[in-house]
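There are 2 protein chains.
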Amino acid sequence: TILHNISKLLAPHDLAGLTVLVTAGPTRESLDPVRYISNRSSGKMGYALARAAALRGARVILVSGPTALEPPPDVEFIPVETADQMFNEVTRAFGGADVIIKAAAVADYRPVTVSHQKIKKSGQEMIIELVPNPDILAELGRRKTSQQLLIGFAAETNNLEQYAREKLSRKNLDLLVANDITMPGAGFDYDTNIVRIFGPHDEVEDLPLMDKNTVAHKILDRVIELRKSRQGAV
Amino acid sequence: TILHNISKLLAPHDLAGLTVLVTAGPTRESLDPVRYISNRSSGKMGYALARAAALRGARVILVSGPTALEPPPDVEFIPVETADQMFNEVTRAFGGADVIIKAAAVADYRPVTVSHQKIKKSGQEMIIELVPNPDILAELGRRKTSQQLLIGFAAETNNLEQYAREKLSRKNLDLLVANDITMPGAGFDYDTNIVRIFGPHDEVEDLPLMDKNTVAHKILDRVIELRKSRQGAV
Numbered sequence: 175t176i177l178h179n180i181s182k183l184l185a186p187h188d189l190a191g192l193t194v195l196v197t198a199g200p201t202r203e204s205l206d207p208v209r210y211i212s213n214r215s216s217g218k219m220g221y222a223l224a225r226a227a228a229l230r231g232a233r234v235i236l237v238s239g240p241t242a243l244e245p246p247p248d249v250e251f252i253p254v255e256t257a258d259q260m261f262n263e264v265t266r267a268f269g270g271a272d273v274i275i276k277a278a279a280v281a282d283y284r285p286v287t288v289s290h291q292k293i294k295k296s297g298q299e300m301i302i303e304l305v306p307n308p309d310i311l312a313e314l315g316r317r318k319t320s321q322q323l324l325i326g327f328a329a330e331t332n333n334l335e336q337y338a339r340e341k342l343s344r345k346n347l348d349l350l351v352a353n354d355i356t357m358p359g360a361g362f363d364y365d366t367n368i369v370r371i372f373g374p375h376d377e378v379e380d381l382p383l384m385d386k387n388t389v390a391h392k393i394l395d396r397v398i399e400l401r402k403s404r405q406g407a408v
Numbered sequence: 175t176i177l178h179n180i181s182k183l184l185a186p187h188d189l190a191g192l193t194v195l196v197t198a199g200p201t202r203e204s205l206d207p208v209r210y211i212s213n214r215s216s217g218k219m220g221y222a223l224a225r226a227a228a229l230r231g232a233r234v235i236l237v238s239g240p241t242a243l244e245p246p247p248d249v250e251f252i253p254v255e256t257a258d259q260m261f262n263e264v265t266r267a268f269g270g271a272d273v274i275i276k277a278a279a280v281a282d283y284r285p286v287t288v289s290h291q292k293i294k295k296s297g298q299e300m301i302i303e304l305v306p307n308p309d310i311l312a313e314l315g316r317r318k319t320s321q322q323l324l325i326g327f328a329a330e331t332n333n334l335e336q337y338a339r340e341k342l343s344r345k346n347l348d349l350l351v352a353n354d355i356t357m358p359g360a361g362f363d364y365d366t367n368i369v370r371i372f373g374p375h376d377e378v379e380d381l382p383l384m385d386k387n388t389v390a391h392k393i394l395d396r397v398i399e400l401r402k403s404r405q406g407a408v
């Protein structure tokens with residue numbers, strides 16, 4: 175925390191006065207008290223964004239699914255487990271946020287039923303029925319005011335550019351940060367990432383391999399730019 | 175590691191000359207490159223057993239699914255992800271082991287198919303078909319020689335005693351360590367546990383709430399006793 179305090183003195187305080195809401199990590203959707211469905215999100219990208227935003231003077235709220243990480247200093251930390259819990263916490267904090275960065279990998283589906291007892295093994299095949307979870311990002315895109323910036327993420331294995339542009343427009347985002355998780359050094363569990371930042375006017379910025387803290391600051395630089403251009407346009 | 179070296183000097187070396195194979199943690203069964211099915215095993219009980227056995231002079235092989243833990247010192251560490259990988263590593267090491275402690279929570283099922291690309295969300299219901307994984311513990315019970323001791327675990331939410339006795343006998347175990355994961359302080363992710371140790375002649379030892387390192391030493395005490403009684407009987 176001495177390092178953190180020095181970094182904080184040295185960082186530009188260009189987010190001072192703003193509230194930044196960050197989501198991070200996976201969600202877990204229980205099948206029974208023991209088993210669950212989840213995904214490979216480590217939370218590192220979201221935690222790096224929360225840390226960087228706090229260093230730059232923002233009030234930061236971090237809503238996080240289960241990860242192996244320590245919450246960053248100077249951050250209001252709200253742990254959740256399921257997509258439903260994340261939906262509730264995020265929509266509660268959304269109204270007071272100037273910038274919303276949805277780095278969490280929220281489960282798209284959850285089991286129709288959750289068994290209260292551990293399901294015993296039968297030796298037979300088993301079927302799990304899943305239903306779609308609420309689409310938090312799309313809901314925030316609908317609720318967003320002209321004063322708020324909404325940044326989404328897309329982790330893809332194929333057709334990255336097509337999926338990214340569709341998601342940006344369909345979910346009414348201001349920026350979309352996309353990465354191809356099949357590339358070495360990009361995506362889940364790495365300390366580095368290789369991202370493409372898609373903007374609202376079909377522009378795309380390709381960043382080279384860099385550590386997630388640096389990626390986080392690059393994303394926040396784009397947020398500052400976007401806020402300035404919006405204010406200039408008013 | 176200074177603490178570890180002091181502990182090692184002070185611990186009884188009653189497992190010297192023996193090879194102890196420990197499994198720990200959950201397994202992960204992929205649905206696609208992003209999503210998987212897993213369970214709430216933290217690996218803490220298995221890692222405590224590996225650490226305790228190494229302190230007591232054993233050669234220790236630890237085969238572990240993905241956890242947030244550091245491998246203990248003086249342990250041969252073999253990381254795995256799926257039940258199939260764990261089956262392969264455990265059966266490879268089994269022949270050279272005197273004591274086998276299966277503390278891992280191996281997934282009973284895996285998806286029939288694993289998609290090579292990230293499955294796109296459809297907004298519709300989804301069905302996952304699962305097939306049973308190989309039953310590692312049962313297989314080891316079949317292969318076990320009279321010189322080897324096989325210890326299993328059971329984490330239950332109900333009917334603990336019935337399930338424990340059935341599992342001990344059906345899988346040809348020498349000891350079964352059972353815990354009711356609905357009890358506060360017992361089971362997944364806690365640093366403590368409340369276990370019942372079932373022996374081969376219907377005897378059961380109930381241990382009170384204690385930290386997992388102490389539970390580990392109690393289990394190893396039972397292993398030493400069992401070995402002595404077997405040798406006495408020869």
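Residue numbers (my numbering), protein chains in the order written: chain P, 175 to 408; chain Z, 175 to 408.
Quick reminder that beta carbons are idealized off the backbone N, C-alpha and C, glycines included.
All figures in this text were calculated on a predicted structure; none of them were measured in a lab.
DSSP places Z:Leu349 in the strand class (E or B) of the three-state scheme. Around the Cβ of P:Asn333, a 10 Å sphere holds fewer than 16 other Cβ atoms; the residue is exposed.
For the C-beta of P:Val273, not a single chain Z residue is nearer than 8 Å; the gap to the nearest is close to 25 Å. Annotation: P:Pro245 to P:Tyr221 spans about 7 Å, alpha carbon to alpha carbon.
The beta carbon of Z:Asp354 does not come within 8 Å of any beta carbon belonging to chain P, so the residue lies off that interface. At a cut-off of 8 Å between beta-carbon atoms, P:Ile211 makes contact with chain Z.
Scanning P:Pro285, P:Arg202, P:Ile293, P:Leu205 for the CA closest to the CA of Z:Gln298 turns up P:Pro285. In the DSSP assignment, P:Asp354 forms a beta bridge with P:Glu330.
Interface with chain P (8 Å Cβ-Cβ cutoff): Z:Gly199 is excluded. Against P:Gly297, the close residues of chain Z are Pro306, in the order they occur along the chain (beta-carbon pairs closer than 7 Å). DSSP places Z:Glu255 in the coil class of the three-state scheme, outside both helix and strand. Within chain Z, no C-beta atom comes less than 8 Å from the C-beta of P:Asn367; the nearest is roughly 15 Å away. DSSP places P:Leu324 within a strand segment (E or B) once states are collapsed to three. Measuring C-alpha to C-alpha distances from P:Ala277 to each of P:Ala328, P:Ala267, P:Met357 identifies P:Ala328 as the nearest. Using a CB distance cut-off of 8 Å, Z:Gln336 does not count as an interface residue toward chain P. For the 8 Å CB-CB criterion, Z:Val389 and Z:Leu400 do not form a contact. Between P:Arg339 and P:Phe372 a beta carbon distance of about 6 Å is seen, short of the 8 Å cut, so the two are scored as contacting. Against chain Z, a Cβ distance below 7 Å from P:Asp282 picks out Lys295. Within chain Z, not a single residue places a beta-carbon under 9 Å from that of P:Arg316; the smallest gap is close to 16 Å. For Z:Leu236, the enclosing beta strand (DSSP E) stretches over residues 233-238. For P:Leu177, no beta strand (DSSP E) segment is defined; the enclosing uninterrupted segment is the alpha helix (DSSP H) at 176-184. For Z:Ser216, same chain residues with a beta-carbon under 7 Å away, outside a window of 5 residues either side, are Thr241, Phe362, Asp363 in chain order.
Around the beta carbon of Z:Arg316, fewer than 16 other beta carbons sit within 10 angstroms, so the residue counts as exposed.
A distance below 7 Å between beta-carbons, with the five flanking residues on each side excluded, links P:Met357 to the following residues of its chain, in chain order: Ile368.
Annotation: Z:Ala278 has no Cβ neighbours in chain P at a cutoff of 7 Å; minimum Cβ distance is about 13 Å. P:Ser238 sits close to P:Gly199, with the two beta carbons spaced by under 8 Å. Within a 10 Å sphere around the beta-carbon of P:Asp348 sit 16 or more other beta-carbons, which makes this residue buried. Look at the beta carbons and you see the segment 255-262 of chain P not touching the segment 176-193 of chain P: under three pairs across the two are nearer than 8 Å. Taking 8 Å as the threshold, the shortest C-beta distance from P:Ala329 to chain Z falls below it. When beta bridges are read from the DSSP output, Z:Asn367 appears opposite Z:Met384. Z:Leu304 sits in a strand when the DSSP states are folded into three classes. One alpha carbon belongs to Z:Leu383, the other to Z:His391, and they sit about 14 Å apart. DSSP places P:Arg202 in the coil class of the three-state scheme, outside both helix and strand. Between P:Val234 and P:Val254, the C-beta spacing is not below 8 Å. P:Ser289 sits in coil when the DSSP states are folded into three classes, being neither helix nor strand. Only residues of its own chain outside the window of five on either side were considered, and among them Val286 have a CB closer than 6 Å to the CB of Z:Glu303, listed in chain order.
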